[in-house]
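S.K.: Top to bottom, those sequences are chains S and Y. For what it's worth, my numbering labels the leading residue of the first sequence as 6, then goes sequentially. For what it's worth, my numbering labels the leading residue of the second sequence as 21, then goes sequentially. I'd like to ask some things about the structure below.
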Amino acid sequence: MSNKFGFDISPSRTIDFDKFDNQILQYVLQHESSFMTCMSCGGCTATCSAGNLIDFNIRKMSLGLRRGKPESLAAEIDKCMLCGKCILVCPRGINIRNVVMLIKKALVKFNPKNDERNN
Amino acid sequence: MNEIISQYFTWPFTIGAIYLGIIVIIRFVRWVIGLSKIDKIRILKNVFTIKTWDSIKEAVSEGLLHRKIFKTNSLLGYMHMSLAFGWFLLIIIGHIETIYHEGTMAFPFYKSIFFRYFVHESTGNFIANLFSETMDLLLLFVLSGVFLAYYKRINSRIYGIKRTTKLKSGDKIALSALWLIFPLRLLAESFSAGIHNNGGFLTQLLGNLLYSSFSLEPAVDYMWLAYSMSLGFFFIALPNSRYMHIPTEILLIFLRKYGVNLKKRFNTYSQIQVFSCSRCGICLDSCQLMNAEIKNTQSVYVLKSIRNKSLTDETLFNCLLCGRCQNDCPVGIELNDLRITQRIESTFEYNSSYEYLEHTKAEKADVVYFAGCMTHLTPAIKKSMQYIFNYAGINYWFMDEDKAPCCGRPLMQMGQYDAAQKLIENNRQRIIESGAHTLVASCPICYKVFKEDYSLPHIKIMHHSEYLLDLVYKTKIPYFKPANRIIYHDPCELGRGSNIYEQPRELLGFYTQLIPIQAEKDRSYCCGGSLANIKIQMHEREKIMNSAINEYLKYEPDFLVTSCPLCKKTFAKNRELIVKDIAEIVCESLQNQYTELQKQNEVLLTQS
Numbered sequence: 006m007s008n009k010f011g012f013d014i015s016p017s018r019t020i021d022f023d024k025f026d027n028q029i030l031q032y033v034l035q036h037e038s039s040f041m042t043c044m045s046c047g048g049c050t051a052t053c054s055a056g057n058l059i060d061f062n063i064r065k066m067s068l069g070l071r072r073g074k075p076e077s078l079a080a081e082i083d084k085c086m087l088c089g090k091c092i093l094v095c096p097r098g099i100n101i102r103n104v105v106m107l108i109k110k111a112l113v114k115f116n117p118k119n120d121e122r123n124n
Numbered sequence: 021m022n023e024i025i026s027q028y029f030t031w032p033f034t035i036g037a038i039y040l041g042i043i044v045i046i047r048f049v050r051w052v053i054g055l056s057k058i059d060k061i062r063i064l065k066n067v068f069t070i071k072t073w074d075s076i077k078e079a080v081s082e083g084l085l086h087r088k089i090f091k092t093n094s095l096l097g098y099m100h101m102s103l104a105f106g107w108f109l110l111i112i113i114g115h116i117e118t119i120y121h122e123g124t125m126a127f128p129f130y131k132s133i134f135f136r137y138f139v140h141e142s143t144g145n146f147i148a149n150l151f152s153e154t155m156d157l158l159l160l161f162v163l164s165g166v167f168l169a170y171y172k173r174i175n176s177r178i179y180g181i182k183r184t185t186k187l188k189s190g191d192k193i194a195l196s197a198l199w200l201i202f203p204l205r206l207l208a209e210s211f212s213a214g215i216h217n218n219g220g221f222l223t224q225l226l227g228n229l230l231y232s233s234f235s236l237e238p239a240v241d242y243m244w245l246a247y248s249m250s251l252g253f254f255f256i257a258l259p260n261s262r263y264m265h266i267p268t269e270i271l272l273i274f275l276r277k278y279g280v281n282l283k284k285r286f287n288t289y290s291q292i293q294v295f296s297c298s299r300c301g302i303c304l305d306s307c308q309l310m311n312a313e314i315k316n317t318q319s320v321y322v323l324k325s326i327r328n329k330s331l332t333d334e335t336l337f338n339c340l341l342c343g344r345c346q347n348d349c350p351v352g353i354e355l356n357d358l359r360i361t362q363r364i365e366s367t368f369e370y371n372s373s374y375e376y377l378e379h380t381k382a383e384k385a386d387v388v389y390f391a392g393c394m395t396h397l398t399p400a401i402k403k404s405m406q407y408i409f410n411y412a413g414i415n416y417w418f419m420d421e422d423k424a425p426c427c428g429r430p431l432m433q434m435g436q437y438d439a440a441q442k443l444i445e446n447n448r449q450r451i452i453e454s455g456a457h458t459l460v461a462s463c464p465i466c467y468k469v470f471k472e473d474y475s476l477p478h479i480k481i482m483h484h485s486e487y488l489l490d491l492v493y494k495t496k497i498p499y500f501k502p503a504n505r506i507i508y509h510d511p512c513e514l515g516r517g518s519n520i521y522e523q524p525r526e527l528l529g530f531y532t533q534l535i536p537i538q539a540e541k542d543r544s545y546c547c548g549g550s551l552a553n554i555k556i557q558m559h560e561r562e563k564i565m566n567s568a569i570n571e572y573l574k575y576e577p578d579f580l581v582t583s584c585p586l587c588k589k590t591f592a593k594n595r596e597l598i599v600k601d602i603a604e605i606v607c608e609s610l611q612n613q614y615t616e617l618q619k620q621n622e623v624l625l626t627q628s
């Protein structure tokens with residue numbers, strides 16, 4: 006970062022529909038439809054208590070989820086402390102804490118390691 | 021045919037009673053064996069102490085007299101009392117009557133139940149007459165309860181119950197049998213009385229009346245058989261119906277008195293509590309989710325789902341954990357903790373580790389101030405507290421001014437106890453390191469967890485309402501009383517959660533005129549903003565909040581005062597009533613006083 010000055014552009018990016026993994030997204034939307042209305046304003050991230058302590062970006066996470074790229078989700082979602090500031094800030098009134106809990110649950114549920122137990 | 025009936029009519033009762041006895045004993049033994057070792061030691065230690073006597077007293081006052089239901093509604097209380105206590109007396113006095121008549125205690129148990137079938141001679145003996153009149157009086161007492169129970173199905177409003185629970189098929193069988201027992205007993209005894217003249221005032225009157233128009237002899241055995249069968253059906257249906265609460269509640273009362281308590285995981289004591297629920301539906305009426313049309317997640321349904329093993333996350337997590345139902349529950353079931361135990365079971369697979377938490381240095385101070393996440397969204401509260409700290413000249417450290425982990429309570433409400441421990445440990449070390457003697461929290465959610473789950477020896481934990489009262493008493497801050505009429509809203513976690521009702525009221529007494537209201541202290545409302553509910557939608561929260569506000573507006577207060585940042589934030593959405601935190605009230609008063617003093621000084625200066 007230090008050698009960059011002024012403006013920068015994000016590298017171009019495509020969503021590969023063959024690799025589009027929306028299993029968790031579908032699960033979340035099914036149980037918390039208010040997540041559909043997210044407009045990625047980033048209010049949640051700005052107020053986040055965990056984000057104040059460490060690099061944790063709930064907006065980025067939700068974007069990743071929507072773009073079918075849940076790779077780093079497991080490591081990221083664990084940072085949330087469920088303090089609840091985000092739900093008070095959200096202009097759409099999204100139940101973000103429920104979204105977080107659903108993602109956590111989905112990660113256990115759809116983990117291939119746990120398949121035997123779930124079936 | 022009649023001969024067969026007269027020989028075997030006691031069998032349905034006997035079989036039912038034996039079946040019930042065996043099932044209840046098996047369940048009780050299994051439950052008690054399943055308790056933790058410590059709990060078993062507790063029981064052994066306390067069995068031969070005054071606690072057993074206390075339990076017996078409570079079993080009588082709650083299990084038979086239903087004192088707590090009387091508090092909810094006297095008619096409902098009478099209904100339960102007449103059924104439970106009346107039936108109990110019928111059994112006891114019936115037994116004594118049989119002993120008196122037989123002159124021995126060695127007779128089959130069913131004999132006292134069907135006494136008037138077996139004993140026909142009507143003696144002129146005063147005591148025998150007294151017995152039969154007493155038994156009739158008791159029967160009338162029970163019947164009055166039964167008829168109230170019939171009428172409750174038609175009109176439950178006069179019993180103080182707006183809503184009642186839906187019945188399972190097992191419940192329906194047991195309920196019908198229960199409803200039939202006493203009318204059938206009345207008929208059976210009246211038939212016998214009509215034929216043999218062995219009844220009391222009630223059965224004899226009815227018997228004579230019936231006998232004058234019908235011949236009762238062919239029907240009398242069938243009547244007793246029907247009575248016996250209704251008892252048998254009731255006993256057999258009982259273990260799989262809500263009436264299992266009758267024996268279980270007694271066990272619960274004893275275990276509770278012996279000091280057995282709920283654990284973080286579901287165990288047999290939790291099961292005893294689940295089975296103690298009578299599904300009376302009193303918790304439905306106290307639940308504010310009803311205001312938001314959420315009608316199937318109340319405590320009674322959660323307990324029912326636990327019993328049927330059909331609990332879903334949607335039901336489990338749709339609860340504000342405000343504790344209003346727990347407060348009203350006539351059985352005293354720990355509804356909040358039971359629900360949290362279920363949440364722990366539901367989420368234990370994904371507790372976070374929070375490895376990123378770093379130990380940051382603490383500042384040395386006398387008082388640590390922890391505002392809490394919610395207070396950072398209501399900056400007026402923390403600014404007021406800072407003003408007051410400075411005014412009183414306190415050496416304090418604002419622990420989470422810049423950054424600090426959450427207190428851990430919201431995680432606990434979700435059942436994530438292991439995860440919460442990580443946050444608790446991080447905060448705890450910093451608090452201890454500061455060397456402070458007092459920890460002041462502005463948020464009741466934090467306050468509760470500090471008090472209950474942080475082990476902070478030698479540190480006094482205070483909510484800011486307590487602390488400010490302390491400052492007033494120590495004359496560190498002055499007070500004067502403006503004419504503001506205010507209502508104080510008890511936050512759930514501070515009131516029902518931590519039992520702090522008087523300190524905020526005392527403090528407000530110094531600065532305002534407090535209006536007493538109906539829904540205060542342990543009957544207070546939840547604001548609807550509770551973090552414990554992750555399923556409720558924002559518009560539903562607003563409905564709950566608005567219905568509380570509408571109630572408050574009836575008293576025409578100048579402000580609504582609360583002592584929880586989350587309540588303040590929630591109520592602030594309503595434009596009809598200004599809401600302030602208790603710290604703001606104190607701070608404004610200090611500021612006003614200061615400006616007034618300045619004005620006086622100016623006047624004095626210009627005069628001189």
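Ideal Cβ positions, reconstructed from N, Cα and C, are used throughout, including at glycine. Here the structure is a predicted model, which means the values were calculated and not measured.
When you compare only the Cα positions, how much space is there between Glu608(Y) and Leu617(Y)?
M.R.: Taking the first residue of the second sequence as 1, we reach residue 608(Y) at position 588. Taking the first residue of the second sequence as 1, we reach residue 617(Y) at position 597. Whole-angstrom Cα-Cα distance: 14 angstroms.
S.K.: Less than 7 angstroms between the C-beta atoms of Tyr83(Y) and Glu269(Y), yes or no?
M.R.: By 1-based counting over the second sequence, the position of residue 83(Y) is 63. By 1-based counting over the second sequence, the position of residue 269(Y) is 249. Residue identity differs from the one stated: residue 83(Y) is Gly in this sequence, not Tyr. Cβ distance < 7 angstroms, so Gly83(Y) and Glu269(Y) count as in contact.
S.K.: Report yes or no: do three or more beta-carbon pairs, one from the stretch 196-204 of chain Y and one from the stretch 121-135 of chain Y, lie closer than 8 angstroms?
M.R.: no
S.K.: In whole angstroms, give me the CA-to-CA distance for Gly392(Y) and Phe25(S).
M.R.: In the second sequence, the residue the question calls residue 392(Y) occupies position 372. In the first sequence, the residue the question calls residue 25(S) occupies position 20. Approximately 40 angstroms, taken between the alpha carbons.
S.K.: Would you mind stating whether His100(Y) and Ile112(Y) have Cβ atoms separated by less than 7 angstroms?
M.R.: Reading the second sequence from its first residue, position 80 is the one you call residue 100(Y). Reading the second sequence from its first residue, position 92 is the one you call residue 112(Y). In this structure, His100(Y) sits away from Ile112(Y), with a CB-CB distance that is not shorter than 7 angstroms.
S.K.: Express the C-alpha separation of Trp107(Y) and Asn260(Y) in angstroms, rounding to a whole number.
M.R.: Translated into the one-based positions of the second sequence, residue 260(Y) becomes position 240. Translated into the one-based positions of the second sequence, residue 107(Y) becomes position 87. Straight-line Cα distance between these residues: approximately 21 angstroms.
S.K.: I need the boundaries of the alpha helix (DSSP H) containing Val492(Y), first residue and last residue.
M.R.: Working through the second sequence from its first residue, we reach residue 492(Y) at position 472. From DSSP, the alpha helix (DSSP H) with Val492(Y) extends over His484 to Tyr493.
S.K.: Which one of Gln533(Y), Ile506(Y), Phe409(Y) and Asn347(Y) has the shortest CA to CA distance from Cys512(Y)?
M.R.: Residue 512(Y) sits at position 492 when you count from the first residue of the second sequence. That would be Asn347(Y), whose Cα lies nearest to the Cα of Cys512(Y).
S.K.: Just to make sure I have the definition right: I need the residues of chain Y whose C-beta is within less than 9 angstroms of the C-beta of Val33(S). Which are they?
M.R.: Here residue 33(S) refers to the residue found at position 28 of the first sequence. Those do not exist, as Val33(S) stays about 12 angstroms from chain Y at its closest Cβ, beyond 9 angstroms.
S.K.: Assuming Arg561(Y) and Thr590(Y) form a contact by the criterion Cβ under 8 angstroms, report the distance between their Cβ atoms to the nearest whole angstrom.
M.R.: Working through the second sequence from its first residue, we reach residue 561(Y) at position 541. Working through the second sequence from its first residue, we reach residue 590(Y) at position 570. Distance from Arg561(Y) to Thr590(Y) at the Cβ level is roughly 7 angstroms; contact confirmed, criterion being Cβ atoms closer than 8 angstroms.
S.K.: Arg18(S): buried (16+ other C-beta within 10 angstroms of its C-beta) or exposed?
M.R.: Position 13 of the first sequence holds residue 18(S). Exposed, by the Cβ-count rule.
S.K.: Can you find a CB in chain S that lies within less than 7 angstroms of the CB of Ser372(Y)?
M.R.: Taking the second sequence and counting its residues from 1, one reaches residue 372(Y) at position 352. Judged by the 7 angstroms Cβ criterion, Ser372(Y) is in contact with chain S.
S.K.: With contact counted as at least three CB pairs below 8 angstroms, one residue from each stretch, are the stretch 492-507 of chain Y and the stretch 571-580 of chain Y in contact?
M.R.: yes
S.K.: Within the stretch 22-55 of chain Y, note down every full beta strand (DSSP E) run reaching 3 residues or more, in order along the chain.
M.R.: none
S.K.: Quick one: is Arg64(S) near chain Y, going by C-beta distance under 7 angstroms?
M.R.: By one-based count along the first sequence, residue 64(S) stands at place 59. The beta carbon of Arg64(S) sits no closer than 7 angstroms to any beta carbon of chain Y.
S.K.: Across the stretch 267-281 of chain Y and the stretch 37-55 of chain Y, are there enough close Cβ pairs to call them in contact, namely three or more that are closer than 8 angstroms?
M.R.: yes
S.K.: Check whether the Cβ atoms of Ala461(Y) and Ala385(Y) sit closer than 7 angstroms, and answer yes or no.
M.R.: By 1-based counting over the second sequence, the position of residue 461(Y) is 441. By 1-based counting over the second sequence, the position of residue 385(Y) is 365. No. Outside cutoff.
S.K.: Can you grab the Cα-Cα spacing for the pair Ile353(Y) / Cys88(S), in whole Å?
M.R.: For this step, residue 353(Y) is matched to residue 333 along the second sequence. For this step, residue 88(S) is matched to residue 83 along the first sequence. Approximately 28 angstroms, taken between the alpha carbons.
S.K.: When you compare each of Leu586(Y), Phe68(Y), Thr532(Y) and Phe105(Y) to Leu157(Y) by their alpha carbons, which one comes out closest?
M.R.: Indexing the second sequence from 1 puts residue 157(Y) at position 137. The residue with the shortest Cα to Cα distance from Leu157(Y) is Phe105(Y).
S.K.: Could you tell me which residues DSSP puts in a beta bridge with Arg62(Y)?
M.R.: As a first step, residue 62(Y) must be located in the second sequence, where it is residue number 42. BP columns for Arg62(Y) are empty, so no partner.
S.K.: Measure the CB-CB distance between Phe61(S) and Lys90(S) and report whether it falls below 7 angstroms.
M.R.: Locating residue 61(S) in the first sequence gives position 56, where the first residue counts as 1. Locating residue 90(S) in the first sequence gives position 85, where the first residue counts as 1. Contact annotation: Phe61(S) and Lys90(S) have beta-carbon atoms that are not nearer than 7 angstroms.
S.K.: When you check each C-beta in the stretch 57-90 of chain S against every C-beta of chain Y, which residues fall closer than 7 angstroms?
M.R.: Asn57, Leu58, Ile59, Asp83, Lys84, Met86, Leu87, Cys88, Gly89 and Lys90
S.K.: So, does the stretch 29-40 of chain S touch the stretch 99-117 of chain S, judging by three or more C-beta pairs under 8 angstroms?
M.R.: yes
S.K.: Residues of chain S with a CB under 7 angstroms from the CB of Ile554(Y): which are they?
M.R.: Sequence index remark: in the second sequence, residue 554(Y) carries index 534 (1-based). Within chain S, the residues whose beta carbon sits less than 7 angstroms from that of Ile554(Y) are Asn100, Arg102, Asn103 and Met106, listed in sequence order.
S.K.: Does the count of Cβ pairs from the stretch 549-560 of chain Y and the stretch 477-494 of chain Y closer than 8 angstroms reach three?
M.R.: no
S.K.: For the ligand NAD, I want to know if Leu30(S) counts as a neighbour, meaning its beta carbon is within less than 6 angstroms of at least one of the ligand's heavy atoms.
M.R.: By its list of ligands, the structure shown contains no ligand whatsoever, and the ligand NAD lies outside what it can speak to.
S.K.: Could you give the residue range of the beta strand (DSSP E) that holds Leu459(Y)?
M.R.: Taking the second sequence and counting its residues from 1, one reaches residue 459(Y) at position 439. Here the beta strand (DSSP E) through Leu459(Y) covers Thr458 to Ala461.
S.K.: Between the stretch 577-596 of chain Y and chain S, which residues of the former have a C-beta closer than 7 angstroms to a C-beta of the latter?
M.R.: Against chain S - using a Cβ distance shorter than 7 angstroms - the residues of the stretch 577-596 of chain Y are Lys589.
S.K.: Identify the residues that DSSP records as bridge partners of Thr582(Y): which are they?
M.R.: The residue labelled residue 582(Y) in the question sits at position 562 within the second sequence. According to DSSP, which records beta bridges pairwise, Thr582(Y) is partnered with His509(Y) and Asp601(Y).
S.K.: On the premise that Leu476(Y) lies in contact with Leu459(Y), defined as a C-beta separation below 8 angstroms, what is that separation, rounded to the nearest angstrom?
M.R.: Here residue 459(Y) refers to the residue found at position 439 of the second sequence. Here residue 476(Y) refers to the residue found at position 456 of the second sequence. Yes, Leu459(Y) and Leu476(Y) are in contact; Cβ-Cβ is about 7 angstroms, under 8 angstroms.
S.K.: Of all the CB atoms in chain Y, is at least one closer than 7 angstroms to the CB of Ser54(S)?
M.R.: Residue mapping note: residue 54(S) aligns to position 49 of the first sequence, counting from 1. Closer than 7 angstroms to some Cβ of chain Y, the Cβ of Ser54(S) qualifies, so yes.
S.K.: At which residues does the alpha helix (DSSP H) containing Tyr389(Y) begin and terminate?
M.R.: The residue given as residue 389(Y) occupies position 369 in the second sequence. It is not in any alpha helix (DSSP H) - Tyr389(Y) instead sits in the beta strand (DSSP E) that spans Val387 to Phe390.
S.K.: Tell me the DSSP bridge mates of Phe418(Y)?
M.R.: Position 398 of the second sequence, counted from the first residue, corresponds to residue 418(Y). Per DSSP, Tyr389(Y).
S.K.: Between the C-alpha atoms of Asp191(Y) and Ser298(Y), what's the straight-line distance to the nearest angstrom?
M.R.: Here residue 191(Y) refers to the residue found at position 171 when the second sequence is read from its first residue. Here residue 298(Y) refers to the residue found at position 278 when the second sequence is read from its first residue. Approximately 11 angstroms between the Cα atoms of the pair.
S.K.: Could you tell me the distance, in whole angstroms, from the CA atom of Tyr374(Y) to the CA atom of Leu275(Y)?
M.R.: The residue you call residue 374(Y) lines up with position 354 of the second sequence. The residue you call residue 275(Y) lines up with position 255 of the second sequence. Tyr374(Y) and Leu275(Y): Cα-Cα distance of roughly 38 angstroms.
S.K.: Can you list the residues of chain Y that Lys109(S) reaches, using a CB-CB cut of under 7 angstroms?
M.R.: Indexing the first sequence from 1 puts residue 109(S) at position 104. Under the 7 angstroms cutoff, chain Y gives Tyr370.
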